[in-house]
Structure formats: structure tokens, C-alpha cells
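In this note's numbering, the protein residues as written are 254 to 738.
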């Protein structure tokens with residue numbers, strides 16, 4: 254029988270009293286029971302409000318003692334999201350920690366060496382650093398891997414925190430975060446796009462102040478990259494406009510859209526529609542739309558037929574960021590390198606292993622459909638065009654991410670050939686000290702749970718590289734103590 258909110262509250266207070274009075278040897282068991290009661294309260298808005306009212310007493314009783322949450326000044330805003338998603342009991346302690354910070358910020362309680370201003374500053378940084386969680390309803394398929402109950406706890410927490418820290422006050426920090434992401438040009442742009450969607454939906458921006466202007470720059474680039482795109486209102490209207498526009502008008506559109514992409518790293522649906530149009534009707538304008546310099550233009554002219562094939566067969570709304578990757582590939586003159594050229598021609602013709610195809614589709618976290626081949630080729634364009642855009646990688650797969658980035662920058666042909674092996678055979682082979690290591694024969698890598706919020710190349714390669722690197726370390730531990738392979 255389900256307990257009422259009053260019964261849950263009473264049980265929590267009883268557990269808190271027992272925890273407070275418990276001798277040292279029994280503290281751990283009493284704390285576990287207290288956290289269990291708190292976890293049930295975290296799952297309703299009323300329960301969360303009750304915990305907020307009770308957090309001064311719980312904190313004073315030693316709830317956070319002997320834990321990573323003991324000293325607020327040592328907490329890191331960026332780590333909150335991962336802890337919340339890791340599940341109970343860490344997620345519940347993290348929620349209680351955020352409630353404590355809210356209480357300190359509102360001066361409902363005090364903590365030595367940590368002021369109300371510091372608490373508010375932490376909450377603001379935390380909301381921006383974990384934006385994907387803070388303003389998410391968890392309806393998209395990307396969240397299906399997590400328990401619904403845990404996601405509901407997260408949603409309720411952030412709904413509660415928003416009462417104290419409204420979105421309007423975060424504009425300067427959000428603008429800083431978006432500009433930083435744009436400067437780093439990551440391949441996976443989901444965080445920036447999520448920020449732009451939320452800002453566009455919930456905050457009217459009129460350019461009246463400097464922070465509005467900073468945000469509008471990116472919103473315009475993603476949602477209305479040209480003045481005519483804004484006038485037409487819908488993508489269908491824009492396509493119809495292009496069909497009847499003269500070359501001079503289309504060229505002006507290409508200039509505006511290309512400049513927006515170069516300035517922000519964002520590719521809009523309007524730019525993709527424009528690219529389809531000029532590839533078929535005005536191929537000479539493709540370099541303008543891709544914002545290529547003289548070297549890039551020469552590369553495009555040398556490989557125009559191949560570029561047209563890539564655009565028409567492999568770049569779709571579900572991987573439209575590949576347009577930027579393609580531009581960077583042309584700027585790097587990669588197609589004029591014989592090894593890279595032959596490897597890429599092989600890549601577009603491969604038969605993808607069924608298991609690899611499943612992984613690629615699972616990694617497509619957008620609502621737009623794309624085939625495994627389109628995801629693979631689009632991902633390859635992005636990684637080859639943006640070697641430094643590969644995510645550092647969550648430990649322990651950071652070595653694999655670094656390897657992909659290094660090969661993209663210094664040995665792109667090798668990277669493509671590795672990708673072909675992994676995509677077709679679901680296996681990668683490395684030679685180490687004269688012996689071959691096959692990823693398919695290695696039982697496990699360092700990673701225990703794979704993160705699918707990565708680029709397609711990483712989704713295909715990292716599981717294999719992780720296994721091989723782990724096997725290398727095992728062999729090195731025997732032969733070369735203390736040496737990293």
C-alpha cells in the first residue's frame with residue numbers, strides 16, 4: 254500500500270531523530286535508512302518542498318559528514334549532472350546538497366566559510382553547466398536508458414531550483430557558455446542547441462542589451478541564418494522561394510548563411526536546404542555557402558563530383574552538422590591526399606556490420622531519421638574536418654578519444670581505414686610488440702558502460718580502441734612495469 258505524503262514526512266522525521274541520536278558505530282546504518290526515506294520524498298513536489306524545509310536540521314545532524322558533500326566550498330557545479338544520473342544513493346545525496354545550497358542562498362541556514370552569495374553563484378553555475386538536465390522534460394529518446402523514477406527526481410529538483418534562480422538572470426552566464434562552446438567547435442553540438450531552444454522558447458530577446466545581442470547572434474545562425482529565411486517563416490516556404498530566385502539572390506543567401514556557419518559553427522536546416530539547391534542548380538556557389546578560402550575553393554573544384562555525391566547521398570537533416578565538417582575537410586585539402594582519398598572512397602561503399610548499424614542508430618539522438626551509412630559518413634566528415642572537436646572522453650575512454658583526434662590530425666588515412674575495419678567486421682586489429690591484438694578477442698575494456706552521446710566515429714571505434722588499450726596495459730604491466738603503452 255502506497256504511503257501518503259504525511260506518512261512519508263513522519264517516517265523521515267523519525268529516521269532523522271534516530272540518526273541524530275545514533276552512536277558512532279551505528280551512524281552508517283541510520284544514515285542509509287534516512288537516505289531511503291529522503292529518496293521517496295524526492296519523487297514528489299510536496300516531498301521535495303518538505304525536504305527543503307527540513308534540510309537545516311538534517312545538515313546540522315551530520316547528513317553530509319564524511320562524504321564528498323561535506324564542505325560546500327569544495328563542490329564542483331559541472332559534476333552535479335553526472336551524479337544525478339548515476340542513480341541512488343548518490344543522486345539523492347546530490348539533491349539534498351542542492352537543497353542545502355538553496356537554503357544557504359536564501360539565508361534560511363548558514364554554513365561556516367560559505368556565504369549566501371557563494372551559494373547563489375554555485376546554483377547559477379550549476380544550472381548552466383548542466384543545462385541539458387535543468388531545462389529538460391526527458392521526453393526524447395536520448396533519455397530512455399535512464400530509470401524514469403530517477404529522471405522524475407531530477408526534473409522535480411530543477412523545477413524547485415528555478416524558483417530561486419530564474420532563467421532571465423542566467424543570460425550572461427548562458428551567453429558565456431555558448432560562446433565558449435562555439436570557440437571550441439565540438440563535433441557534438443547538442444548542448445549548445447539545447448540552450449538555444451530553451452532561450453528561444455522562454456526568453457524574448459529584442460537586442461536591447463548586450464547579453465540579448467550575444468544570444469541573438471547564435472539563435473539567428475541556427476533558426477534564421479538569413480534575412481530571407483526569417484521572412485519566409487517556414488522551411489517549405491524557403492525552398493519554394495529558392496526555386497524561383499535568380500542567381501544573384503541565391504549567391505547573397507549563400508554568403509550570409511556561410512558567414513553565419515563560419516562564425517558560430519552551427520548549421521541550420523535552411524542552410525542545408527540551400528546547399529541541396531545550389532549543388533543541383535548553381536554548383537559554383539557551393540564554395541560560397543561553405544565559406545571556403547582559395548585553398549578550399551581549389552579543393553572543391555578538383556573534387557566537385559565527389560562532394561556533390563556526399564551532399565546528395567549522405568548529408569541529411571539528421572546529420573546536418575556534417576556540412577561544417579565537409580567545409581573543414583575541403584579547407585584541410587584532405588581529398589587531395591592520395592591515401593585519404595582512396596580510403597574515403599572505400600568508406601562510402603562499405604557494407605556496415607549489423608551490430609555496428611544498431612549502435613549508430615542508437616547514437617542518433619535527434620528526432621530526424623538517418624541511415625547507418627549516412628550517420629557514419631557524416632560523422633567521418635566531422636571528425637576529419639574537426640580533429641580537435643572530438644570529445645576528450647569520460648574516463649576511462651579518454652585515451653581512445655585522444656587517439657581518434659591524433660589520427661584525424663596527423664594520419665587521416667589510417668583513421669578511415671580503422672573505421673572501415675570496425676564498421677565492416679566489428680573488429681579492429683593492432684600490432685603491439687610484434688603480436689596482433691584483435692578487439693573481437695578481448696573480453697573487456699576499461700569502460701563498463703558506454704556513452705552514446707558521442708559522435709558516430711567515436712561510437713564505432715571507441716569500444717574497440719578501449720579494449721585494445723586495456724589489453725596493451727595488461728601486457729605492459731608484465732613486461733614494462735610502470736610504462737604506459
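Just so you know, even glycine gets a beta-carbon here, dropped at the ideal spot from N, CA and C. Since the model is a prediction, treat every value here as computed from it, not as a measurement.
In the DSSP assignment, residue 684 falls outside any alpha helix (DSSP H) and within the unbroken beta strand (DSSP E) covering 682-685. Restricting attention to 557, 358, 431, the CA atom closest to the CA of residue 418 is found in 358.
Using a C-beta cut-off of 8 angstroms, the region 459-472 makes no contact with the region 485-492, since fewer than three inter-stretch Cβ pairs fall below that distance.
Under the DSSP assignment, residue 620 falls outside any alpha helix (DSSP H); it carries neither an H nor an E label. In the DSSP assignment, the residues bridged to residue 689 are 684. In the DSSP assignment, residue 595 falls within the unbroken alpha helix (DSSP H) covering 591-600.
The DSSP-derived three-state label of residue 278 is helix.
About 18 angstroms separates the beta carbons of residue 637 and residue 605, which is beyond the 8 angstroms limit, so they are not a contact pair. For residue 367, DSSP records a beta bridge to 364. An exposed status is given to residue 689, since fewer than 16 other beta-carbon atoms sit within 10 Å of its beta-carbon. Taking residue 258 as reference, the option from 308, 299, 286, 411 with the minimal CA-CA separation is 299. Residue 503 is a Cβ neighbour of residue 535, given a cutoff of 8 angstroms. Taking C-beta atoms as the reference points, residue 545 and residue 583 count as a pair closer than 8 angstroms. A check of alpha carbon separations from residue 724 across 702, 711, 557, 682 identifies 682 as the nearest. Approximately 6 angstroms separates the beta-carbon atoms of residue 403 and residue 344; this is inside 8 angstroms, confirming the contact.
Secondary structure in the region 531-595: the alpha helix (DSSP H) runs of 4 residues or longer, each lying completely within the stretch, are 539-542, 547-555, 557-567, 575-584 in chain order. Using a Cβ distance threshold of 8 angstroms, residue 438 and residue 642 count as a contacting pair. Here DSSP, grouped into helix, strand and coil, assigns residue 383 to coil. The Cβ atoms of residue 665 and residue 619 do not sit closer than 8 angstroms to each other.
Judged by beta-carbon spacing, residue 523 lies beyond the 8 angstroms limit of residue 540, meaning their Cβ atoms are not closer than that value. Approximately 6 angstroms separates the beta-carbon atoms of residue 714 and residue 671; this is inside 8 angstroms, confirming the contact. Between the region 466-476 and the region 394-412 there are fewer than three inter-stretch CB-CB distances shorter than 8 angstroms, so the stretches are not counted as touching. The C-alpha of residue 595 lies about 13 angstroms from the C-alpha of residue 603. Counting along the chain, the unbroken alpha helix (DSSP H) around residue 435 starts and ends at 424-437. Here the alpha carbons of residue 378 and residue 270 stand approximately 34 angstroms from one another.
Taking a cut-off of 8 angstroms for Cβ pairs, the region 274-291 and the region 341-355 touch, as three or more such pairs fall below it.
Per DSSP, reduced to three states, the secondary structure at residue 388 is coil, with no helix or strand assignment. Rounded to the nearest whole angstrom, the C-alpha separation of residue 711 and residue 568 is 18 angstroms.
Distance from residue 304 to residue 320 at the Cβ level is roughly 17 angstroms; contact not present, criterion being Cβ atoms closer than 8 angstroms. 8 angstroms or more divides the Cβ of residue 572 from the Cβ of residue 513. Approximately 32 angstroms separates the beta-carbon atoms of residue 334 and residue 263; this is outside 8 angstroms, ruling out the contact.
The straight-line gap separating the alpha-carbon atoms of residue 533 and residue 433 is approximately 36 angstroms.
Residue 634: member of the alpha helix (DSSP H) spanning 625-638, first to last residue. Excluding sequence positions up to five before and after residue 364, its CB lies within less than 7 angstroms of the CB of 325, 357, all in the same chain and listed in chain order. For residue 468, the uninterrupted alpha helix (DSSP H) segment begins and ends at 463-476.
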